[in-house]
Amino acid sequence: MPPLPLAIRILTTWGVILPLALLAQWALSPLTETWHPVLRLTATISLVVPIAVTWGLPLAMRAAASLGRTRRKLR
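Using the working numbering, the first residue of the sequence shown is number 310, and each one after it goes up by one.
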């Protein structure tokens with residue numbers, strides 16, 4: 310399977326990381342609302358990055374590749 314184009318990889322990465330980061334901030338807000346913003350950001354990143362790299366991105370990249378194959382077959 311050829312690699313996905315750079316633009317598709319970038320959009321897929323943002324499409325996974327942004328919702329996960331927003332969800333993590335929302336879920337952690339009761340616990341971290343009194344924390345310094347840098348510490349709050351560190352907690353969010355520490356939670357989001359491992360989830361995105363091990364689960365979210367591989368799943369999203371496979372889905373994007375599958376959509377690309379389907380579109381090529383329809384042409």
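Just so you know, even glycine gets a beta-carbon here, dropped at the ideal spot from N, CA and C.
The C-beta distance from L331 to A352 rounds to 14 Å, too long to meet the 8 Å contact threshold.
Straight-line measurement puts the Cα of V358 at about 25 Å from the Cα of L376. In terms of Cα proximity to L366, the closest of P314, P339, P312 and R318 is R318. Per the coordinates, the alpha-carbon of T379 lies some 14 Å from the alpha-carbon of M370. Within the same chain, and ignoring the five residues on either side of L356 in sequence, the residues whose Cβ sits closer than 6 Å to its Cβ are A333.
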